[in-house]
Amino acid sequence: MRNADKKEKPLAVAQARRSVYEMLSAYYLELPDQRMVNSIFDPDFDRRLSVVASVFETGETQEGLRLISNFISSFKHESQEEILRRIAIDRTRLFRGISEKYSPPPPYESCYREQRLRGETSAEVCRFYSRLGVTLPEAWRESPDYLGIEIDFMRLLCQSEEEAWLNKQPEKALELLRASMDFLKDHLLKWAPSFLDKMYEMADLDFYRGLAKFTSGFLKYDGHLIGEQLEEHATLQPVINRTNPGVDLIVKS
Numbered sequence: 099m100r101n102a103d104k105k106e107k108p109l110a111v112a113q114a115r116r117s118v119y120e121m122l123s124a125y126y127l128e129l130p131d132q133r134m135v136n137s138i139f140d141p142d143f144d145r146r147l148s149v150v151a152s153v154f155e156t157g158e159t160q161e162g163l164r165l166i167s168n169f170i171s172s173f174k175h176e177s178q179e180e181i182l183r184r185i186a187i188d189r190t191r192l193f194r195g196i197s198e199k200y201s202p203p204p205p206y207e208s209c210y211r212e213q214r215l216r217g218e219t220s221a222e223v224c225r226f227y228s229r230l231g232v233t234l235p236e237a238w239r240e241s242p243d244y245l246g247i248e249i250d251f252m253r254l255l256c257q258s259e260e261e262a263w264l265n266k267q268p269e270k271a272l273e274l275l276r277a278s279m280d281f282l283k284d285h286l287l288k289w290a291p292s293f294l295d296k297m298y299e300m301a302d303l304d305f306y307r308g309l310a311k312f313t314s315g316f317l318k319y320d321g322h323l324i325g326e327q328l329e330e331h332a333t334l335q336p337v338i339n340r341t342n343p344g345v346d347l348i349v350k351s
């Protein structure tokens, strides 16, 4: 956050972080539809981007938001059907790993860390979820190490931390914050920046180029932000059961 905001109340920080992870998980998990197009071109969207930019201010996040704004300006006179068509084509190419020359390897942690799908890394991610009492819906067919699911898991941890602060349970909140740091350090930050660099390079639309830049910058920044939060509250000891702090993963279809 901005230097003036470094001592922001932990509840406000958790709320801000959760709102960004919520926005990102929607773009990585949900298939493009008319509702998504409407939300991007809503006149209020630019204002919300400006608020995000003022809070999570890094070079990459700023560049990402600038590119998304460029996309909105460039396509504002196109029909919604054409915008949706272009977004859907670019998303499929970027996220499904169609061919080596045409698109990046698909955004699965095991694909980037082991060069194969559903490897040991995927099992490690599953175990991490299970330790916190999280299971994926049976109907969900994606591997647990898919980028959108890992981002939604971070949203979930932020949301649960937020609830703990509201319920005046600081030790539980900090244990959830430690879990967030562990997951970033041991999983997301070990592979997501590599995919996001490729996504930025290979995207046709400034929307996905901007999304890649913003996501990469935010994930890196969040690691620093969590570290600051933990340092400020270093005297509090965790008191919750690390294997099940009581959270449920909500995966969007």
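Its first residue numbered 99, the sequence shown is counted upward by one per residue in this note's numbering.
Just so you know, even glycine gets a beta-carbon here, dropped at the ideal spot from N, CA and C.
Small disclaimer: the values here were computed from a predicted structure and weren't measured.
With a contact defined as Cβ atoms closer than 8 Å, Leu182 and Pro141 miss out at about 19 Å. Setting aside the 5 residues that flank it on each side, Thr219 is surrounded in the same chain by Glu207, Ser208, Arg211, Glu212, Asp243, each with a C-beta closer than 7 Å to its C-beta; the list follows chain order. When Gln132, Ser167, Thr156 are compared, the shortest CA-CA separation from Arg145 is found for Ser167.
When the beta-carbon positions are compared, Gly308 and Arg214 stay at least 9 Å from each other. Along the segment 184 to 248, the beta strand (DSSP E) does not occur as any fully enclosed run of 3 or more residues.
In the three-state reduction of the DSSP assignment, Leu303 falls in the coil class, being assigned neither a helical nor a strand state. At the C-beta level, Thr159 and Phe316 come within 9 Å of one another. Straight across, the Cα-Cα distance linking Ser172 with Leu287 is about 32 Å.
In the three-state DSSP reduction, His175 falls in the coil class, being neither helix nor strand. Here the C-alpha atom of Thr313 lies approximately 21 Å from the C-alpha atom of Glu259.
In this structure, Gly162 lies away from Lys318, with their beta-carbon atoms at least 9 Å apart.
Around the C-beta of Asp188, 16 or more other C-beta atoms lie within 10 Å, and the residue is accordingly described as buried. Distance from the CA of Lys283 to the CA of Ile196, rounded to the nearest whole angstrom, comes to 29 Å.
Closest option to Leu230, judged by alpha-carbon separation, among Gln267, Ala277, Tyr126, Ala112: Ala277. For Lys266, the secondary structure class from DSSP, reduced to helix, strand or coil, is coil.
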